[in-house]
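Numbered continuously in UniProt numbering, the sequence shown closes out at residue 150.
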Amino acid sequence: PTSRGHVKITSNDPSASPECDPKWLSTQVDRTIMKEAMKTANEVVTKMVDEEGSPVVVEECHFPWFARYTSLTNDQAGTCAMAPLGSTSPLPVVDTDCRVHGVQGLRVVDASVFPVPISANTQAPVYALAEKVADAILREHPFVPSQSKS
1 PTSRGHVKIT
11 SNDPSASPEC
21 DPKWLSTQVD
31 RTIMKEAMKT
41 ANEVVTKMVD
51 EEGSPVVVEE
61 CHFPWFARYT
71 SLTNDQAGTC
81 AMAPLGSTSP
91 LPVVDTDCRV
101 HGVQGLRVVD
111 ASVFPVPISA
121 NTQAPVYALA
131 EKVADAILRE
141 HPFVPSQSKS
């Protein structure tokens with residue numbers, strides 16, 4: 001997917017829900033992929049149900065319906081995309097060590113930092129990311145064991 005939505009804090013009340021707008025199918029690339037997926041799904045269903053079924057013609061006018069009545073089964077990610085400051089990436093939030101740009105001492109280490117969707121479960125990549133960031137933190141703040149008194 002190339003569509004980019006947003007998650008916004010709407011209140012300083014911690015129990016208030018954020019505003020979430022995934023902007024499904026807001027790019028031509030995503031609409032083209034959905035159109036091809038619907039054609040393939042129609043071919044499969046037509047063959048399974050009725051040999052004489054008429055194919056569905058998927059047009060641009062169908063996309064509001066798709067956006068409203070379809071949902072993704074993947075893990076949501078990318079809301080705090082990783083990119084160096086000043087990059088051409090839209091709204092980079094964290095650097096390559098997951099430090100939030102402009103906020104000292106804050107890191108985001110979860111699937112939200114992946115700049116592009118992952119075509120698999122996010123658990124293993126998040127574990128790998130966490131290990132990488134843990135190493136970066138240890139480089140910045142080396143662990144010095146305290147002297148134990150025996």
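Idealized CB from N, CA, C, for every residue including glycine. Because the structure is a prediction, the values reported are computed rather than measured.
Just mark residue i as buried or exposed, buried being the case when its beta carbon has 16 or more other beta carbons within 10 Å.
| i | result |
| --- | --- |
| T79 | buried |
| V29 | exposed |
| C98 | buried |
| A81 | buried |
| F114 | buried |
| V144 | exposed |
8 Å is my cut-off, CB to CB: does residue i come that close to chain D?
| i | result |
| --- | --- |
| K35 | Judged by its chain identifiers, the structure shown contains no chain D, having just a single protein chain. |
Of the choices the options, whose alpha-carbon is the least far from that of residue i?
| i | options | result |
| --- | --- | --- |
| G5 | S11, N12, T27 | T27 |
| Q123 | P115, W24, K132, A111 | A111 |
| R31 | K8, R139, S3, A136 | S3 |
| E19 | P64, L25, K8 | K8 |
| K23 | S119, N12, P64, I137 | P64 |
Going by DSSP in three states, residue i sits in which element: helix, strand or coil?
| i | result |
| --- | --- |
| C61 | helix |
| R4 | coil |
| V94 | strand |
| V100 | strand |
Can you pull the DSSP bridge partners for residue i?
| i | result |
| --- | --- |
| C20 | V7 |
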